[in-house]
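Everything below concerns the one structure shown next.
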Amino acid sequence: AGDADLADDPPVLLSPGGCGATPPFLLVLVPSAPSHSARRQAIRETWGGGASAAGGRPGGLPARTLFVLGVPPAPSEQPALRAEAERHGDLLQGAFADTYANLTRKTAFLLRWARSRCPDAPFILKADDDVFVNLPALTNYLASFRRAPPRLYLGRIHWWVRPQRDPRGRHHVPAAVYPDATFPLYCSGTAYVLSGEAAAAVLAAAPRVPFVAPEDVWVGLCAQRAGLAPRHSARMAGSARFPPDGCCYGEVLFSSHGLGPGELRRVWGLLQGEGGGCNALQRALGVLRCKALAVGEWLWQ
């Protein structure tokens, strides 16, 4: 049976409203800790800002980026969050403790909100707040599915991961909760895409799925229960670190994770042409290095 807490729908404390008159083609939901204001601001000023939301060009496919939070550990932090929400209009806060243990609950919360308040968005991207996303490249790829949005679950697949049985581990999964030797295939939680139909299927399956951490495993279990097969993309982030390279980030990657605010701005600058862009040799070397890192991560995960 699913976890009782996940069956609850926590009240919304701070809301960005709905999707407006025109739903975005891609709804980007970024789980973020209350204290990570610098990361949120860096995303607003780079890939998640208004200029990139339309794919970087007039008439491009629209995206909307929202940050998803729980309740901060100290009540004194809430006024700053309320002020940030009023200033930017992009915070979604649920009435649950913002802790690592609640990441699965946060994911269930953001998916429910997306389906109830923005049901006509064809695609949902969940991305961590240390991730860089090439929205023009990703939306152009997703546009190939636009006429008939499939039950798409897209990301960097983790293959045959074993549950952590050590009770001291933060991802401990007792055999009584999940007895199988390996998890089903699932997409890395750093960044993955669900079509609206796939998100609805995940939520419908959730009450029949055991509550496990981390959240990406839980989404994968729900997807398996719903008969939803993940689609692998080596262009989406996993655990490998991709050094800032305009050719790699501009021409290969949809997403890369593990970047601080300064690195997000540096990559953004490279994609805006700072440093002269890519000549033929730089493009060949940058793309080759990028692909080698992606393949290496797949081999060694």
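Numbering-wise (UniProt numbering), the sequence shown opens with residue 1 and increments by one. Cβ atoms here follow ideal geometry from the backbone N, Cα and C, with glycine treated the same way.
First and last residue of the uninterrupted beta strand (DSSP E) at residue i
{"i": "S116", "result": "Note, S116: premise wrong, no beta strand (DSSP E); alpha helix (DSSP H) at L103 to R117."}
DSSP beta-bridge partners of residue i
{"i": "L194", "result": "I124 and Y153"}
{"i": "C248", "result": "Looking at the DSSP assignment, C248 forms no beta bridge with any residue, so it has no partner."}
{"i": "F132", "result": "S256"}
{"i": "L91", "result": "F67"}
{"i": "Y186", "result": "H158"}
{"i": "A97", "result": "V71"}
{"i": "H171", "result": "Beta-bridge pairing links H171 to no other residue."}
For residue i, the three-state DSSP class (helix, strand or coil)
{"i": "P231", "result": "Correcting the residue type first, residue 231 is Arg in the shown sequence and not Pro. Strand at R231."}
{"i": "L14", "result": "strand"}
{"i": "F145", "result": "helix"}
{"i": "Y178", "result": "coil"}
{"i": "residue 317", "result": "No answer is possible for residue 317: the residues shown for the chain start at 1 and end at 301."}
{"i": "A137", "result": "helix"}
{"i": "L288", "result": "helix"}
{"i": "V209", "result": "coil"}
Inter-residue CB distance, residue i and residue j (contact presumed, cutoff 8 Å)
{"i": "L228", "j": "R151", "result": "5 Å"}
{"i": "V12", "j": "T65", "result": "Contact flag wrong, Cβ pair sits at about 18 Å."}
{"i": "G48", "j": "R156", "result": "Not a contact, Cβ separation roughly 20 Å."}
{"i": "K106", "j": "P34", "result": "At roughly 12 Å, the Cβ-Cβ gap does not stay under 8 Å, so K106 and P34 are not in contact."}
{"i": "F132", "j": "S255", "result": "7 Å"}
{"i": "L26", "j": "L142", "result": "7 Å"}
{"i": "L103", "j": "L92", "result": "Incorrect: roughly 15 Å between the Cβ atoms, too far for contact."}
{"i": "H257", "j": "D128", "result": "6 Å"}
{"i": "L194", "j": "V209", "result": "About 15 Å separates the two Cβ atoms, so there is no contact after all."}
{"i": "R115", "j": "A205", "result": "Actually they do not touch by this definition, with Cβ atoms about 13 Å apart."}
{"i": "A191", "j": "L259", "result": "Contact flag wrong, Cβ pair sits at about 12 Å."}
{"i": "A223", "j": "P230", "result": "6 Å"}
{"i": "V173", "j": "V212", "result": "5 Å"}
{"i": "Y186", "j": "D216", "result": "6 Å"}
{"i": "P122", "j": "G196", "result": "6 Å"}
{"i": "L253", "j": "T46", "result": "So it is not a contact: roughly 14 Å between Cβ atoms."}
Span of the alpha helix (DSSP H) around residue i
{"i": "V219", "result": "E215 to R225"}
{"i": "R265", "result": "P261 to L271"}
**OP:** Jot down the residue ranges of each uninterrupted beta strand (DSSP E) in the segment 27 to 84, minimum 3 residues, whole runs only, in chain order.
**Re:** Listed in chain order, they are 63 to 71.
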